[in-house]
Every structure is written in structure tokens, then in C-alpha cells.
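J.:
Protein chains: 2
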Amino acid sequence: MDDQVALQQGLLTRMESLRARVDRRLAELAPAHGTAPDRLVEAVRYSLLAPGKRFRPMLTLLAAEAFGASDGAALDAACAFEMIHAASLILDDLPAMDDAGLRRGLPTIHRAFDEATAILAGVGLLNQAYAVIAADKGLSGELRAEVCARAAEAVGFMGLVAGQARDLLDRDQLRDMSQIDRLNHEKTGVLIIAAAQVGALIGGADEAAVEQVGEFARRVGLAFQIRDDLIDAEGSVEAAGKDTGKDAAMTTAVSRLGVSGARAAMEEHLAAAENALAAAGGGGLLGAYAGRLFAGRKAAA
Amino acid sequence: MDDQVALQQGLLTRMESLRARVDRRLAELAPAHGTAPDRLVEAVRYSLLAPGKRFRPMLTLLAAEAFGASDGAALDAACAFEMIHAASLILDDLPAMDDAGLRRGLPTIHRAFDEATAILAGVGLLNQAYAVIAADKGLSGELRAEVCARAAEAVGFMGLVAGQARDLLDRDQLRDMSQIDRLNHEKTGVLIIAAAQVGALIGGADEAAVEQVGEFARRVGLAFQIRDDLIDAEGSVEAAGKDTGKDAAMTTAVSRLGVSGARAAMEEHLAAAENALAAAGGGGLLGAYAGRLFAGRKAAA
Numbered sequence: 001m002d003d004q005v006a007l008q009q010g011l012l013t014r015m016e017s018l019r020a021r022v023d024r025r026l027a028e029l030a031p032a033h034g035t036a037p038d039r040l041v042e043a044v045r046y047s048l049l050a051p052g053k054r055f056r057p058m059l060t061l062l063a064a065e066a067f068g069a070s071d072g073a074a075l076d077a078a079c080a081f082e083m084i085h086a087a088s089l090i091l092d093d094l095p096a097m098d099d100a101g102l103r104r105g106l107p108t109i110h111r112a113f114d115e116a117t118a119i120l121a122g123v124g125l126l127n128q129a130y131a132v133i134a135a136d137k138g139l140s141g142e143l144r145a146e147v148c149a150r151a152a153e154a155v156g157f158m159g160l161v162a163g164q165a166r167d168l169l170d171r172d173q174l175r176d177m178s179q180i181d182r183l184n185h186e187k188t189g190v191l192i193i194a195a196a197q198v199g200a201l202i203g204g205a206d207e208a209a210v211e212q213v214g215e216f217a218r219r220v221g222l223a224f225q226i227r228d229d230l231i232d233a234e235g236s237v238e239a240a241g242k243d244t245g246k247d248a249a250m251t252t253a254v255s256r257l258g259v260s261g262a263r264a265a266m267e268e269h270l271a272a273a274e275n276a277l278a279a280a281g282g283g284g285l286l287g288a289y290a291g292r293l294f295a296g297r298k299a300a301a
Numbered sequence: 001m002d003d004q005v006a007l008q009q010g011l012l013t014r015m016e017s018l019r020a021r022v023d024r025r026l027a028e029l030a031p032a033h034g035t036a037p038d039r040l041v042e043a044v045r046y047s048l049l050a051p052g053k054r055f056r057p058m059l060t061l062l063a064a065e066a067f068g069a070s071d072g073a074a075l076d077a078a079c080a081f082e083m084i085h086a087a088s089l090i091l092d093d094l095p096a097m098d099d100a101g102l103r104r105g106l107p108t109i110h111r112a113f114d115e116a117t118a119i120l121a122g123v124g125l126l127n128q129a130y131a132v133i134a135a136d137k138g139l140s141g142e143l144r145a146e147v148c149a150r151a152a153e154a155v156g157f158m159g160l161v162a163g164q165a166r167d168l169l170d171r172d173q174l175r176d177m178s179q180i181d182r183l184n185h186e187k188t189g190v191l192i193i194a195a196a197q198v199g200a201l202i203g204g205a206d207e208a209a210v211e212q213v214g215e216f217a218r219r220v221g222l223a224f225q226i227r228d229d230l231i232d233a234e235g236s237v238e239a240a241g242k243d244t245g246k247d248a249a250m251t252t253a254v255s256r257l258g259v260s261g262a263r264a265a266m267e268e269h270l271a272a273a274e275n276a277l278a279a280a281g282g283g284g285l286l287g288a289y290a291g292r293l294f295a296g297r298k299a300a301a
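Listed in order, the protein sequences are those of chains H and E. For reference, each letter of the first sequence is one residue, going 1 to 301 in UniProt numbering. For reference, each letter of the second sequence is one residue, going 1 to 301 in UniProt numbering.
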């Protein structure tokens, strides 16, 4: 039991060290003063470097490690996925979109700066993700192009952009579970899947394993979304670090299934994630990481 | 003289055929109904497929041809640069930016549709450019990554995004010529340069020739910007197909140099462009194309 505690402690230390490494690299890859106008640089850094879980880059790094990538090989690609995620948060929060006031515990970027700066920061960050991937000399040209392609598919007209458009267009309509799943998939799932799959690719995983890693990430992402819904339904603004209760008009998993039904669905996704990871032949720290994310789930729900 | 006329006619026919080819390919590469929500798909197609000069893709195609690229090898990369250009127009026109009402002779996308759809269309189109480049199996992985890198550099915090931010931030200040040149470079030049250089790269040009092609495009772009300023200062909305007189509060080349001074600067850029193209060892249809663009310049000024 002491061994078990020590093992858990070791995993936590290692994860925290990886996350700190992502933060340091993000600070290096973000635009610096002297390039773009100061106000834009400040806005980008304000948004990108705000404390966060770094969920997507952690998936990339841990999936790469699970398949034997050399140390640091996936770091820039991992950061690119965090840039895309930060860009999508900025753009989704805009007055013309969700008109959110708080994000990651701070005023949203269009409130802290202004709307034009927010739009340019979002677009610039998305673009910077491709700049970082394309310039990643640690990867072969073929692999850089493949990572760009997977990221672009996740962002585009079958991913984040489509999901946000769909969310805005049918926000007032009653949604059934398949529509909720589709929306979650586009708005959240596709990027999480791509982040993990890119890590596996960089680690040299074969096609079947990459698919299974994608399924692992998809299930973890769905579980995570439900966990967010649970927090949103019951949590406070302080705990969530963003506006809560905003989804009340939407039809979320919680409002359809109730709290206990949503919790059961979350558990089902987590079990399926474990199975997929086992089938991929990966695991190790990646599986432990997913487990950690939901360690407090009983308290949260 | 009849030979000369026939030659000119042949060039015109060939250019028009290339432009039509770009238009057809753009229609194929644009998102189709059944992927993203219909409203977003319509907005993207409305903007991307509106009639235009296709200046950037023509530079890519003709630069590729000048260095011996096989037929069609640069077509998708060329279309990607038009997507980036269309995205930048959508975003620059937004209410939070230039708040423009007319573009390419049509209501701007946020007026014809709505602001959220316009933002998503702009972001989606930018992203689609990277999707198209990354998936271009006619190019090696190395070349796809290089094209992505050059495009991303042109868009990002040292290019279009920086230029738009700078334009908004110091719009009310008096600008000197070096500031005007820098702004033009970021807002227009960098993308034009990248479009031409990518064509030369796909054609197999060496580094020195790629640089010269960039200088050719830079000079043509500067001349073109002055031509736009001249039209803006004197032309009508009908002729320009977009809001005119909007730059009156800005300090443009025309307002600083006067009409005849601006014309002289334009001619100087065009002469330098010819020299750069000669030094690159390229030319042919690319030089003829640049000449055609300014064929009516005496009338315009």
C-alpha cells in the first residue's frame, strides 16, 4: 500500500513536470514583443499562458511516450494543439458567439482588451499552431504534413468550426442524445482525438493502434464533457473558472439524463476508454493520466 | 504588328484559362453541403467563389510554370493562397475591424449572413488552406511542410494578422512613408510574396531564384497597392467593387505623394519588378501577367 502511494506520487510528479514543460515551451512559442504590435502580443500571451490543464498537449505527449517517441519529440506538436484550443476558446467567447465574460478564471480577452484584438489573437494563435508544426525540424517532412492535415481536419468544416456554427444555429431547439453527441464530438472530441493520435503517430504507432488511441481519447473526451456538464449544472463560477449556468438553455447530457444518468454515461465512457487503450497496446502513464483527471469525479458529481 | 497582337491575344487566352481553372478547383475545394451546417457552407462559398482577379493563385501558378513545374502541380497550393486571401478579407471587413459593407461588388459576408457566421467562415477558410496544402499528395511531404510554413509566416504575427492589428491601433496617427510601406508589406505584401515564392519552390527554383521571385512579387504588390490607392482616391464604388473613400482618414501613398507622385512610385516598383524577374531567370507568362495587370494604369491614374 505504501508502494502504491509512492507509485501514485511518482506519476503525479512526472505529470506535473510534463505540464510545466508544456508551459515553458508555450511561452517560447508564443509571439514575443517586437514582432506584432504590443497590444496583440499581450492579448495572445494573456490567453495562451493563463493557467490551464493542458489536457490536449498532455494527451499528445503521453501518447507519443506510450509508443516510444524520443524525449521531447512531440513537444512542439503538443503545444500546437494547446494553441488551437486557446484560439477556439477566444473565438467561441466572442460577443457575436457565446458572449462570455469569464474564462480560466480571468476576464475573456475581448473584455480585457477589445473585440478586434480578440479576433486577431484567436486567428493568429490558430495560424501559429500551423507555423509551429510546419517548422518542427525534429519531425520528417511527411510527418509534419500529416500532423498539419490531422489538426486542420479537427479544426475545420467537420470539426470545431462546424460544431460552433451548429451550436449557434440550433441553440434554441430541443436536442436528442445523438445530436448532443455529435455536437460534443465536433466542438470537443475531434481536437482531443487528433491531439492523442498525433502523439501516437510521432511515437511510431501503426494505423490500428492510432485508431484505438483515437477511440481512447474520444471516450475520455466524452466523459470529460459530461463531467463539465455536471460541474456546470451544480458548480460555482469560482470552481469552474468560467461562466456557469450558460448551458441551461441548451440541452446537455445532464438535462436529458439527470445527474445520476449522466454519471453512469461518464463511467461507461471511461471503461470503454480503458479497453481501447489496452487494445492499442499503449497505456502506462497515458492511462494513469486519464484516471487522474477523473479522480475527484465522485466529489464533483 | 499582327504577330504582336496575336501573341498578346494568346497570352490573354492562356491567362483566362488558368484563372478559370483556379475557379473550378476552388469550387471543388470549398466545403460542400452535408459537412458543416448549410448556412456556414453557403457563406463560405458566397465569399470564396465571388468573382475575383485571383491575383495570388495566378502568381503561384505562373511562378511554378516559369521554373518548369508539371502541369497542375501548383494548383492546390495556388487555391490555398486564395482561401487565405478570402479569409483575410472577411475578417478585415468585420464590424469590429473595418466595418465594411461592400466587397467584390457584393454585401460583405457579415451583412449578407451574420457576424458569427462571418467569423467562422473566415477562420474556417484560413484553416481549409492548411488542410488543402497538407493533403496535396502531388507534393513531397517536405514540400507540403515548407508551403505550410511559408503560408503561416505570411499570415501570422509578422504578416496579415500583425498588419491588421497595427492598422487598427494607429489608424488615427499621421504615418510617414516607411510606416506606410511597412503596413502595406504586412497587410498585402507578405502574402503576395509567399504565393509567388511557393510557386517557384514547387517549380524547383533554387534559393536565390526564390528570393528574386519574392522581390518581383513584392514590387508588383507595392505597385498594385498604389494603384488601389489611386482608384480609391478617384474611383467610384461601382468601379472598385468595394467601399471607397474609406482610406481618406488614413495616410495613403496618394495622400502623401499626390496623384502624380504616387504614379511615379508605382512605375518605379514595376521597373524593379521586371529587373528582379530577369535576375531570377524566370519570366515568360509571369512577367506578361504583371504587365497585363497594369495595362490600364494610365487610364486609372
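Heads up, the beta-carbon is just placed ideally off N, CA and C, and yes, glycines get one too.
Beta-carbon separation of E:Val22 and E:His33 under 8 Å?
T.: Sequence index remark: in the second sequence, residue 22 of chain E carries index 22 (1-based). Sequence index remark: in the second sequence, residue 33 of chain E carries index 33 (1-based). The answer is no: Cβ separation not under 8 Å.
J.: DSSP three-state call for H:Leu106: helix, strand or coil?
T.: Translated into the one-based positions of the first sequence, residue 106 of chain H becomes position 106. It is a strand residue.
J.: Suppose you measure from the CA of E:Ala134 to the CA of H:Gly124; what does that come to, to the nearest Å?
T.: Residue numbering aside, residue 134 of chain E sits at position 134 when the second sequence is read from its first letter. Residue numbering aside, residue 124 of chain H sits at position 124 when the first sequence is read from its first letter. Rounded to the nearest angstrom, the two C-alpha atoms are 19 Å apart.
J.: Confirm, please, whether the CB-CB distance from E:Ala129 to E:Ala80 is below 8 Å.
T.: As a first step, residue 80 of chain E is located in the second sequence; it is residue number 80 there, counting from the start. As a first step, residue 129 of chain E is located in the second sequence; it is residue number 129 there, counting from the start. Yes, these two residues count as a Cβ contact at 8 Å.
J.: How far does the alpha helix (DSSP H) with E:Ala122 in it extend, from its first residue to its last?
T.: By one-based count along the second sequence, residue 122 of chain E stands at place 122. One point to set straight first is that residue 122 of chain E is Gly, not Ala, in the sequence displayed. It spans 115–134 - the alpha helix (DSSP H) in which E:Gly122 sits, taken as one unbroken run.
J.: Please tell me whether H:Leu286 and H:Ala66 are closer than 8 Å, where the distance is taken between their beta carbons.
T.: What you label residue 286 of chain H is simply residue 286 of the first sequence in a count that begins at 1. What you label residue 66 of chain H is simply residue 66 of the first sequence in a count that begins at 1. A contact, by the Cβ cut-off of 8 Å.
J.: Measuring only the C-alpha atoms, how far is E:Phe224 from E:Met266?
T.: In the second sequence, counting from the first residue as 1, residue 224 of chain E sits at position 224. In the second sequence, counting from the first residue as 1, residue 266 of chain E sits at position 266. Roughly 8 Å between the two C-alpha positions.
J.: Under 7 Å Cβ to Cβ from E:Ala50, same chain only, skipping five residues before and after it: list those, please.
T.: Along the second sequence, one-based indexing puts residue 50 of chain E at 50. Excluding positions up to five away in sequence, the list reads Arg104, Leu106.
J.: Can you tell me which of the three DSSP states E:Asp71 falls into?
T.: The residue labelled residue 71 of chain E in the question sits at position 71 within the second sequence. Correct three-state label for E:Asp71: coil.
J.: Are the CB atoms of E:Glu16 and E:Pro57 nearer to each other than 8 Å?
T.: Counting from 1 along the second sequence, the entry for residue 16 of chain E is found at position 16. Counting from 1 along the second sequence, the entry for residue 57 of chain E is found at position 57. No, the pair does not count as a contact, with Cβ atoms beyond the cut-off.
J.: Under 8 Å, do E:Leu201 and E:Val190 count as touching if we go by C-beta distance?
T.: Locating residue 201 of chain E in the second sequence gives position 201, counting from the first residue. Locating residue 190 of chain E in the second sequence gives position 190, counting from the first residue. Against a cut-off of 8 Å, the Cβ pair of E:Val190 and E:Leu201 comes out as no contact.
J.: Going by DSSP in three states, E:Thr35 sits in which element: helix, strand or coil?
T.: Residue mapping note: residue 35 of chain E aligns to position 35 of the second sequence, counting from 1. Residue state, collapsed to three classes: coil.
J.: Compare the C-beta of H:Arg24 against all C-beta atoms of chain E and say whether one is closer than 8 Å.
T.: Here residue 24 of chain H refers to the residue found at position 24 when the first sequence is read from its first residue. False, the Cβ-Cβ gap to chain E never drops below 8 Å.
J.: Please confirm if H:Gly203 has its CB atom under 8 Å from at least one CB of chain E.
T.: Against the first sequence, residue 203 of chain H aligns to sequence position 203. With 8 Å as the cut-off, H:Gly203 does not count as an interface residue toward chain E.
J.: With a threshold of 8 Å between beta-carbons, can H:Gln179 be considered close to chain E, or not?
T.: Walking along the first sequence from the start, residue 179 of chain H turns up at place 179. No, no contact with chain E.
J.: Taking the continuous alpha helix (DSSP H) assigned at H:Met177, which residues delimit it?
T.: Taking the first sequence and counting its residues from 1, the one referred to as residue 177 of chain H is at position 177. Looking at the DSSP string, the run of the alpha helix (DSSP H) that includes H:Met177 is 177–184.
J.: Which whole-angstrom value is the C-beta distance of E:Gly281 and E:Gly68, which I expect to be below 8 Å?
T.: On the second sequence, residue 281 of chain E is found 281 positions in, with the first residue counted as 1. On the second sequence, residue 68 of chain E is found 68 positions in, with the first residue counted as 1. Not confirmed; about 11 Å, so no contact.
J.: Where does E:Glu16 fall in DSSP's three states?
T.: In the second sequence, residue 16 of chain E corresponds to position 16, counting from 1. Note: E:Glu16 maps to helix in three-state DSSP.
J.: Flag this pair as touching only if the segment 142–149 of chain E and the segment 139–158 of chain H have three or more C-beta atom pairs under 8 Å; answer yes or no.
T.: Short answer: they touch.
J.: Ordered along the chain, which non-local residues of its own chain (more than five positions away) have a Cβ less than 8 Å from that of H:Arg14?
T.: As a working note, residue 14 of chain H is residue 14 in the first sequence. Taken in chain order, the residues that qualify are Leu285.
J.: Does any residue of chain H have a CB that is nearer than 8 Å to the CB of E:Cys148?
T.: Working through the second sequence from its first residue, we reach residue 148 of chain E at position 148. At least one chain H Cβ lies under 8 Å of E:Cys148.
J.: If the criterion is Cβ atoms closer than 8 Å, does the pair E:Asp228 and E:Ala262 meet it?
T.: Here residue 228 of chain E corresponds to residue number 228 of the second sequence, with the count starting at 1. Here residue 262 of chain E corresponds to residue number 262 of the second sequence, with the count starting at 1. For E:Asp228 and E:Ala262, no; Cβs fall outside 8 Å.
J.: If you drop the 5 nearest sequence neighbours on each side, which residues of the same chain put their C-beta closer than 8 Å to that of H:Arg292?
T.: In the first sequence, the residue the question calls residue 292 of chain H occupies position 292. Hits under 8 Å: Leu11, Leu12, Met15.
J.: Hey, does E:Glu16 have any beta-carbon neighbour from chain H nearer than 8 Å?
T.: Your numbering for residue 16 of chain E matches position 16 in the second sequence. It does not: the Cβ of E:Glu16 has no partner Cβ on chain H nearer than 8 Å.
J.: What whole-angstrom Cβ distance do E:Leu94 and H:Ile119 have, given they're in contact under 8 Å?
T.: Here residue 94 of chain E refers to the residue found at position 94 of the second sequence. Here residue 119 of chain H refers to the residue found at position 119 of the first sequence. 7 Å between Cβ atoms; contact.
J.: Taking the straight line between their C-alpha atoms, what separation do you get for H:Arg54 and E:Met177?
T.: Here residue 54 of chain H refers to the residue found at position 54 when the first sequence is read from its first residue. Here residue 177 of chain E refers to the residue found at position 177 when the second sequence is read from its first residue. About 44 Å.
J.: DSSP on H:Ala6, reduced to helix/strand/coil?
T.: Here residue 6 of chain H corresponds to residue number 6 of the first sequence, with the count starting at 1. H:Ala6 falls in the helix class under three-state DSSP.
J.: Output, in sequence order along the chain, the residues in the segment 162–187 of chain E whose CB is closer than 7 Å to any CB in chain H.
T.: The residues in question are Ala162, Gln164, Ala165, Arg166, Leu168, Leu169.
J.: Closer than 9 Å, Cβ to Cβ, to anything on chain A: give me those residues from the segment 117–136 of chain H, in chain order.
T.: Of the chains in the structure shown, none is chain A; the protein chains are H and E.
J.: Excluding the 5 residues flanking H:Ala249 on each side, which residues of the same chain have their C-beta closer than 8 Å to its C-beta?
T.: Start at 1 with the first residue of the first sequence, and residue 249 of chain H comes out as number 249. Residue placement at H:Ala249 is flagged as unreliable, the pLDDT there being 42, under the threshold of 50; the coordinate-derived value follows with that caveat. Arg171, Asp172.
J.: For H:Ala74, tell me which candidate among H:Met97, H:Val213, H:Val198, H:Phe294 has the shortest Cα-Cα distance.
T.: Translated into the one-based positions of the first sequence, residue 74 of chain H becomes position 74. Looking at the Cα atoms, H:Val198 is the closest of the given residues.
J.: Could you tell me the distance, in whole angstroms, from the CA atom of H:Asp99 to the CA atom of E:Ala96?
T.: Within the first sequence, residue 99 of chain H is the residue found at index 99, counting from 1. Within the second sequence, residue 96 of chain E is the residue found at index 96, counting from 1. Cα-Cα distance, rounded: 14 Å.
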